[in-house]
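Engineer: Dumping the structure here so I can ask a few things about it.
Residue numbers (the numbering used here): 1 to 216.
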């Protein structure tokens, strides 16, 4: 039994040491990398990155991160969509963020616990927002209409964002806060919540212990 226990502990130490060696640890020295290039009007981000989106006259992308790992933030633009993700790996003590500036914006798609801010953005057309996998987005600004697809315990905090009309699909213990002036329609399900300010006409269904709440 003693031999077995010794071998078991030795194997555990080997596996733990192996896992530590495989982890990619940030240096703590944060640098910036300007990756501005092609134009885009949609943003698709994944892998728990922090993203700030500003409005400006030119397209600009600034990536920040530990100097030994910043190249593992993969960015590209294709068919008008800016995409950012992390190269596969196990990360420890890292500081990654992306600052995006765009003149116009049609769609935001966050997956895998992305943390984002849309700051004082005035959209001239319909803006579509998709949040999945416990992602979060704080929004301020306005758009004539919004299409929301919020899932998997994600959170949209947008009382400071005003829209005339919103079509929403909110699921899986997700939450939305939004200011809507004219019309709010859609579905809220699976223990989710939608809190609204403004005085919109309501055509929105609830199921599975979900709630639509007048937060005026």
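All residues carry an ideal CB built from backbone N, CA and C; glycine is no exception.
1. Please name the residue, chosen from 40, 99, 66, that lies closest to residue 107 on a Cα-to-Cα basis.
2. Enumerate in chain order the residues of its own chain whose CB-to-CB distance from residue 165 is below 6 Å, with the five nearest sequence positions on each side excluded.
3. Express the C-alpha separation of residue 92 and residue 12 in angstroms, rounding to a whole number.
4. What's the gap between the Cα of residue 30 and the Cα of residue 70?
5. Compute the Euclidean distance between the alpha carbons of residue 100 and residue 115, then round it to the nearest angstrom.
6. Could you compute how far the alpha carbon of residue 14 sits from the alpha carbon of residue 25?
7. Looking only at its chain, what residues have a beta carbon closer than 6 Å to the beta carbon of residue 8, apart from the 5 residues adjacent to it on each side?
8. When the Cα atoms are used, what is the spatial distance from residue 72 to residue 88?
9. Count the other CB atoms within 10 Å of the CB of residue 3; is the residue buried (16 or more) or exposed (fewer)?
10. Taking the continuous beta strand (DSSP E) assigned at residue 23, which residues delimit it?
11. Rounded to a whole number of angstroms, what is the C-alpha to C-alpha distance between residue 174 and residue 211?
12. With which residues is residue 40 paired in a DSSP beta bridge?
13. Can you tell me the Cα-Cα spacing of residue 201 and residue 194, whole angstroms?
14. Select from 163, 186, 167, 190 the residue whose C-alpha is nearest the C-alpha of residue 198.
15. I need the straight-line Cα distance from residue 204 to residue 186, nearest angstrom please.
16. Please return the same chain residues whose Cβ sits closer than 6 Å to the Cβ of residue 121, not counting the five positions on each side in sequence.
17. Please return the same chain residues whose Cβ sits closer than 7 Å to the Cβ of residue 17, not counting the five positions on each side in sequence.
18. Does the separation of the CB atoms of residue 179 and residue 147 fall below 7 Å?
19. Applying the criterion that 16 or more other CB atoms from any shown protein chain within 10 Å of the CB defines a buried residue, is residue 123 buried or exposed?
20. Less than 8 Å between C-beta atoms, sequence neighbours within five positions excluded: which residues of the same chain meet that for residue 215?
Structural biologist: Quick look at the numbers:
1. Here residue 107 refers to the residue found at position 107 when the chain shown is read from its first residue. Comparing Cα positions, the closest option is 40.
2. Position 165 of the chain shown holds residue 165. Around residue 165: 145, 182, 183.
3. Taking the first residue of the chain shown as 1, we reach residue 12 at position 12. Taking the first residue of the chain shown as 1, we reach residue 92 at position 92. Because the pLDDT of residue 12 is 48, which lies under 50, any placement of that residue in the model is unreliable, and the number read from its coordinates should be weighed accordingly. Distance between the alpha carbons of residue 12 and residue 92: 20 Å.
4. Stepping through the chain shown from its first residue, residue 30 is reached at position 30. Stepping through the chain shown from its first residue, residue 70 is reached at position 70. Straight-line Cα distance between these residues: approximately 9 Å.
5. Taking the chain shown and counting its residues from 1, one reaches residue 100 at position 100. Taking the chain shown and counting its residues from 1, one reaches residue 115 at position 115. Our two residues, residue 100 and residue 115, have alpha carbons roughly 13 Å apart in a direct line.
6. The count along the chain shown starts at 1 and reaches residue 14 at position 14. The count along the chain shown starts at 1 and reaches residue 25 at position 25. The pLDDT assigned to residue 14 is 44, lower than 50, so where the model puts this residue is not dependable; a value taken from the coordinates is nonetheless given after this. Rounded to the nearest whole angstrom, the CA to CA distance from residue 14 to residue 25 is 19 Å.
7. As a first step, residue 8 must be located in the chain shown, where it is residue number 8. Interpretation of residue 8 is limited by its pLDDT of 38, a score under 50 that renders its predicted location unreliable; the figure taken from the coordinates is listed afterwards. Hits under 6 Å: none found.
8. By 1-based counting over the chain shown, the position of residue 72 is 72. By 1-based counting over the chain shown, the position of residue 88 is 88. Residue 72 and residue 88 have their C-alpha atoms some 8 Å from each other.
9. Here residue 3 is taken as the residue at index 3 of the chain shown, counted from 1. Low per-residue confidence applies at residue 3: pLDDT is 43, beneath 50, and the placement is therefore not dependable, though the value from the model is reported in the following sentence. When all chains shown are included, residue 3 counts as exposed.
10. To locate residue 23, count along the chain shown from 1; it is residue 23. Its beta strand (DSSP E) spans residues 23-25.
11. Indexing the chain shown from 1 puts residue 174 at position 174. Indexing the chain shown from 1 puts residue 211 at position 211. Here the alpha carbons of residue 211 and residue 174 stand approximately 11 Å from one another.
12. As a working mapping, residue 40 is identified with position 40 in the chain shown. According to DSSP, residue 40 bridges with nothing at all.
13. Translated into the one-based positions of the chain shown, residue 201 becomes position 201. Translated into the one-based positions of the chain shown, residue 194 becomes position 194. The alpha-carbon separation between residue 201 and residue 194 amounts to approximately 14 Å.
14. Mapped onto the chain shown, residue 198 falls at position 198. The shortest C-alpha separation from residue 198 is found at 163.
15. Within the chain shown, numbered from 1, the residue matching residue 204 stands at position 204. Within the chain shown, numbered from 1, the residue matching residue 186 stands at position 186. Their Cα atoms are separated by approximately 5 Å.
16. Numbered from 1 along the chain shown, position 121 holds the residue referred to as residue 121. If you ignore the 5 residues before and after residue 121, its C-beta comes within less than 6 Å of the C-beta of 55, 141, all in its own chain and listed in chain order.
17. What you label residue 17 is simply residue 17 of the chain shown in a count that begins at 1. Residue placement at residue 17 is flagged as unreliable, the pLDDT there being 47, under the threshold of 50; the coordinate-derived value follows with that caveat. The answer is none, since no qualifying residue turns up.
18. Position 179 of the chain shown, counting from 1, holds the residue named residue 179. Position 147 of the chain shown, counting from 1, holds the residue named residue 147. With respect to residue 147, residue 179 sits apart: the two C-beta atoms are not nearer than 7 Å.
19. Here the question's residue 123 lines up with position 123 in the chain shown. Residue burial annotation: residue 123 is buried, with at least 16 other C-beta atoms found within 10 angstroms of its C-beta.
20. The sequence position of residue 215 within the chain shown is 215, counting from 1. Within the same chain, Cβ atoms closer than 8 Å to the Cβ of residue 215 are found at 159, 177, 195, 196, 197, the five residues on either side in sequence being excluded.
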